[in-house]
Amino acid sequence: MASTVTSRRKQLGNELRHARLAAKMTQQQVAEVLGCTQGKVNKIESGAVGVKLGDVRTMLEAFGINGDESEALMSLARAAAGQRGAWSGYRSVVPHWFRTFTDLEPAAVEIMTWHGERIPGPLQSEHYMLKQFTEFGATDVTSLVRNRLDRKSVFDQPQPPYYRFIISEAALHRAPGGRAPAVMLDQIEHLLELDRRQRVYIHVLPFGARLAAVPNDFTIMRFPDRTRDFVYIEHSAGGIYLDDQKDFQLFVDAWDRLRGAALERQETREFLKNMADQYRVAMGA
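Residue numbers for the sequence shown follow my numbering, beginning at 304 and rising by one.
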């Protein structure tokens, strides 16, 4: 299966190439503006080399890009340049392979994610994430929790992405570290609260859903601008970013199958309320 690795540098290169083409400029013309070779411009657009922030600004001016679009691309350029301080302090605990995801998450127009055995990060209650990191044996639990709480700010943006979650029923039973009714009750109540937010859609895939099989966890990101849509797959050693169109469509098809088998929103709410009642009983037992 063909695939490509999406990085901040590659994303920036894609953006700059599309902007150049929209401006009807050649790589040679851009090279003359920057005072470099056409070969270097080609490497910048392919993501093979980095680019100075001043050069990005010069290119955007040459392309006639300004305002919010210019600032968005400059933010991406800063991320691609790996500016000091961007991932310092408590943010330094975020793995390098996950930083591209968190950089691009707020910029997406739509995010569709499937999780089979655990609650996805943006939906985790503080109690759940604290228990999860502790059970992992993490040495800097406080920083990890702060980072995960930071991600929740995506829901508070003036125009947040449409964030669509499908969660297996298994994830609602499997508490971090084993049986923990109090943790799971807190988590389910948190899900019910988040489901009332603008552009947040939560669907449960029950054990009885009619599917031949379920795939491993994945997240689809779509963007409103020229940034390429991609699929993110996390594994024990890191994360994979796929933006090849054929690969992307395979995961869209898998999402559609999962969504067709999952509960509707109101059915999900009733399902979660029933589970919350079960956990309350378990706590009193």
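Even for Gly, the Cβ is constructed at its ideal location relative to N, Cα and C.
Taking DSSP's pairing of strands, which residues face Met415 in a bridge? Arg467, Ile523
What's the call for Gln386, buried or exposed, on a 16-neighbour Cβ count within 10 Å? Any reading at Gln386 needs caution, since the residue's pLDDT is 48, under 50, leaving its predicted position unreliable; the model's value is listed next. Exposed, by the Cβ-count rule.
Within 8 Å, strictly: CB atoms of Ala322 and Phe366: yes
Under 8 Å Cβ to Cβ from Val534, same chain only, skipping five residues before and after it: list those, please. Phe521, Thr522, Ile523, Met524, Tyr544, Leu545, Asp546, Asp550, Phe551, Phe554
8 Å CB neighbourhood of Leu591 in its chain, flanking five on each side removed: As shown, the chain starts at 304 and ends at 588. That puts residue 591 outside it, with no answer to give.
Need the endpoints of the alpha helix (DSSP H) that Ile347 sits in, please. 341 to 349
Is Val584 buried or exposed, if buried means 16 or more other CB atoms sit within 10 Å of its CB? exposed
Alpha carbon to alpha carbon, how far is Glu318 from Ala441? Give it in angstroms, no decimals. 37 Å
Are the CB atoms of Asp371 and Tyr431 within a distance shorter than 8 Å? no
Below 8 Å, how does it come out for the stretch 461 to 480 and the stretch 400 to 415: are there three or more Cβ pairs, yes or no? yes
According to the Cβ coordinates, are Thr361 and Leu324 closer than 8 Å? no
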